[in-house]
Structure formats: structure tokens, C-alpha cells
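Numbering of the sequence shown is given in this note's numbering, commencing with residue 78 and proceeding in unit increments.
C-beta atoms are modelled at their ideal positions from N, C-alpha and C, and glycine is treated no differently.
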Amino acid sequence: MNIKNTTALLFLVCLGWATSSFGSIFYVSPAGSDANSGTSWPAAKQTIQSAIDAASAGDTVIVNDGTYALNNPITISSAIVLSSVNGASATILDGQQSVRCVSITDAGAIVNGFTVQNGRARTGAGIYCSNGTIENCTVVNNIATGNDNGDGQGGGIYLSNGNVRFCNVHNNTANSVVTNQYSNFASGGGIYSVNGAIANSTISDNLCTANYAGGGGVNLNGGTLTKCHVTANSATGLYYPSGGGIYASPGATIDGCAISANSVTATETGAYTACSANGGGFYIGNGTIVQNTLVFANSANAPYGFAAGGGGWSSGSTVRNCTITGNSVNAPSNTSQAQGGGMMWGYNDTCVNNIITFNSAPVNADNSDVNVFSYPQYVNCWISADPLFVNASASDFHLRPNSPCINAGVNQAWMTGAQDLDANARIIN
């Protein structure tokens with residue numbers, strides 16, 4: 078029995094795909110040859126692109142273990158499945174710090190089970206995905222660099238109307254190089270998404286850096302971010318960096334996430350004090366919703382100028398059923414410019430059923446948890462008082478049985494069928 082072939086077929090069966098319904102299977106191995114047909118392991122192709130070019134919509138390309146060094150991006154323009162045999166840790170696509178690793182332009186395409194690393198491009202240095210689905214991948218050490226042709230967007234992934242799920246996106250960078258006085262913008266150190274759906278993924282240790290930087294971990298233009306961990310990402314810039322973990326606008330939804338240990342930092346160190354660092358955990362605007370989310374240990378920092386919203390900055394948006402705690406703002410040489418350790422509210426915001434407490438800011442106690450340009454619509458929000466967490470110092474933000482916050486909220490239509498962060502029913506009575 079051919080063990081490798083059996084493994085590939087088992088993979089398809091486990092995903093619920095019958096090969097007779099989804100076309101042919103093509104095989105890739107470092108020991109193969111592109112002169113082969115690719116229709117069996119003994120006749121495997123050597124390069125992934127050769128197998129993709131041989132495949133048609135509905136076919137599957139199975140890739141054996143190894144590191145595949147890329148001189149050109151892997152390009153997928155039809156509805157095929159590209160999958161590894163043994164997962165991301167065993168199968169590596171390496172852009173060699175010179176090219177984008179993968180480009181997907183078909184809504185039916187699926188890329189499953191690869192490490193995607195060392196890509197370089199202006200947008201989507203690891204993966205550029207216009208439609209299509211990326212799942213069970215590790216996307217690491219890719220750099221998107223903006224230039225006179227446009228901003229640096231999506232160090233790890235550029236996603237447009239597609240899906241990212243069960244992925245680990247870490248240690249990627251979006252930046253920009255200033256030439257010919259082009260405005261210096263960068264967005265989405267880990268992921269830049271336009272109406273995409275990102276779910277069940279970890280986005281960590283990514284960096285977005287430019288004069289104007291937005292979204293160290295993720296930049297969302299619409300779309301959804303669901304059940305994700307967004308942690309230890311950074312947005313830095315001379316003037317107006319925003320959203321250390323997440324920058325989201327317009328009309329995005331962030332649901333059931335943990336946003337922690339992210340930072341936004343304005344790096345201007347001279348006399349220019351108009352620089353502003355906003356939203357250590359998240360920066361949201363224009364109808365964005367953050368719900369059912371834990372926001373803790375994030376920071377906004379400005380050695381000079383203005384730092385606001387250690388946990389989050391919101392304008393024209395809704396924050397509901399969230400816990401926002403242990404966040405901070407820091408402006409050591411101009412403390413009067415650091416405000417809203419937990420939240421900074423802009424204009425026309427709605428705050429419903431939130432716990433916002435134990436945050437810090439150097440201005441005064443009134444600004445430690447929230448500060449405002451215009452007061453939001455508050456509905457049953459618990460601000461500044463002790464909610465009686467089980468053990469906040471150990472990051473256990475469950476409520477004790479005697480917490481005054483239990484049953485203090487109001488039920489809303491969106492909660493029907495919704496789950497909390499422990500996957501329990503949001504409404505139990």
C-alpha cells in the first residue's frame with residue numbers, strides 16, 4: 078500500500094470531500110519532477126506551481142513535507158484545494174525575502190496547512206487573498222513595504238472578501254519607505270482585511286510602523302473578526318499611530334475576541350507635540366461593533382504629544398458586553414496629554430453592558446478608566462468600581478459569585494443564541 082497516497086485520501090475524507098465529486102488529485106514532493114504527470118506519488122511534481130497549473134477547478138493539490146523556496150509567488154486562480162500532507166509545521170513556503178509567497182484570486186480556492194514565511198511585497202507579503210480561504214496556516218516573518226505606488230498593507234495577509242480561519246499570524250510587519258515625499262502610511266502588520274472574515278485565529282507579535290500607522294495586528298475595513306486572540310502587536314509612528322492591536326472602520330464587527338498586551342506609540346521625540354497615539358487595544362470608527370470581548374493590559378504611549386484610550390478609542394461605534402481592564406496610557410514628559418486609560422470616547426458612541434475598571438492614566442483618577450470628547454450613550458455600564466474578578470492578577474476575569482455585575486446587564490436581541498468567551502450561552506435566564 079502507498080502510505081503517502083492513503084494519507085492524502087484520508088485527509089480528503091476527514092474534510093468531507095469525496096474525490097469523485099471534487100475532481101483529480103495532483104501530488105507534489107521535493108523528490109519529484111515537473112516533467113512528471115503529478116497524478117501519483119511516484120509521478121509527483123517537484124514544484125507546487127507546476128501541479129497547480131496542471132489542475133482544474135474542483136481538483137486538489139497535495140504537497141509532501143519539505144521547504145519550498147520560491148522565486149515567484151504561488152498563484153492560484155481557479156477553485157482548487159492546495160493542502161499539505163502533515164500540516165504547517167512540516168510544509169514551508171519560503172519567499173526568500175524577495176517575493177510574495179502566495180496569491181489567491183478565486184472564491185473557491187482553499188489553502189490549507191502551510192507555514193508561509195519570508196515573503197516581501199507592498200501588499201500581502203505572505204499571502205494575497207482576493208476571495209478564497211486560508212486555513213490551518215502559520216504566517217510568519219513577512220514584510221509589506223509601502224512606496225510611491227501605495228501604502229504597505231498586510232505584512233502577513235492581505236484579505237479581500239475571503240476567509241482566514243484556524244491560523245497563526247505572527248511576527249509580520251507592514252511599513253513604508255518615504256521617497257519623493259510620498260505620504261508615509263502603513264496598515265495591518267499581521268492582516269489587512271477588506272470585508273473579509275477572520276475567525277478562530279491567533280494574531281500576535283506583529284508590527285505596523287510608519288508616520289501614519291493603523292492596526293499593529295489587524296486592520297479591518299468592514300468584515301468580521303470572531304473568536305480570535307490578538308496579542309502583543311504594536312503600531313508605531315511619528316505622528317498618528319492608531320490601534321496597537323486592531324484598527325477597524327467602517328462597519329466592522331469584532332466578536333468574542335481577547336485583545337491583550339498590544340501597544341500604540343507615537344515616536345516623535347522633538348518639540349512637535351501634535352503627535353497622537355490612540356487606542357492601544359483597538360481603534361474603531363464609523364459604525365464598528367466590538368462585543369463579547371476581553372480587552373486587557375494594552376497601552377497607548379506618547380513621550381511627547383497626546384496618548385489616549387489605552388484599551389480602546391471609539392468614535393461613532395458601539396462597544397457592548399466587554400470587559401476592559403488593566404489598560405494604561407502613558408505620556409511621561411507631558412502628563413496632561415494622556416487620557417482614558419480604559420476607553421477614549423469620541424462622538425456618537427454607544428456603551429452597553431460593559432465592565433471598564435482598574436485601568437490607569439496619569440492625569441487624574443477621573444480619567445483612569447474613561448475620557449470623552451462627547452459622552453456616549455451609557456446603558457448598564459460598570460465603570461471604575463470593583464466588579465470582583467476571581468483573580469485579575471492571574472488574568473482570570475471571571476466574576477465571583479457575589480459580584481455586583483452578575484445579572485446587572487440588560488438582554489439584547491443580538492444575544493439570542495450567542496455565547497460568552499467560555500462558549501456558554503450568553504443568556505441563561
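Asked, Found
"In the DSSP assignment, what are the bridge partners of R197?", "I220"
"Taking the alpha-carbon positions, what's the G227 to V254 distance?", "10 Å"
"What are the partner residues of V396, as DSSP defines its beta bridges?", "V367, C428"
"Between A112, G209, M492, S175, which has its C-alpha nearest N369's C-alpha?", "M492"
"Please list the terminal residues of the continuous beta strand (DSSP E) segment that includes A502.", "It is not in any beta strand (DSSP E) - A502 carries neither H nor E in the DSSP assignment."
"Name the residue from I169, V140, A385, S154 whose alpha carbon lies nearest to the alpha carbon of S161.", "V140"
"Which residue wins for smallest C-alpha separation from S437, given the options L465, S470, T402, G393?", "T402"
"Is S110 buried or exposed, if buried means 16 or more other CB atoms sit within 10 Å of its CB?", "exposed"
"Can you name, in chain order, every residue of its own chain whose Cβ lies under 6 Å from the Cβ of S154, other than the five neighbours on each side?", "T182, D183"
"Do you know how far the Cα of G100 is from the Cα of A354?", "52 Å"
"If the criterion is Cβ atoms closer than 8 Å, does the pair A165 and T210 meet it?", "no"
"Please work out which residues of its chain come closer than 7 Å, Cβ to Cβ, to C262, disregarding the five sequence neighbours upstream and downstream, and give them in chain order.", "Per the sequence shown, residue 262 should be read as Phe rather than Cys. The residues are G223, D228, S253, A287, Y289."
"Mind listing, in chain order, the continuous alpha helix (DSSP H) runs of no fewer than 4 residues lying wholly within the region 111 to 188?", "125 to 131"
"By DSSP, does S470 sit in helix, in strand, or in coil?", "helix"
"Checking the sheet assignment: what are the DSSP bridge partners for S237?", "S207, V271"
"Which residues mark the beginning and the end of the beta strand (DSSP E) in which M421 is found?", "420 to 422"
"Note down the Cα distance separating A442 from G417, rounded to an integer number of angstroms.", "Note on A442: pLDDT 38, under 50, position unreliable in the model; no value is reported."
"Using only the alpha-carbon positions, how far apart do N249 and Q194 sit?", "9 Å"
"Please report the distance separating the alpha-carbon of A471 from that of V188.", "37 Å"
"Have a look at N283 and A379 and give me their C-alpha separation to the nearest angstrom.", "20 Å"
"Name the DSSP bridge partner or partners of Y289?", "F262"
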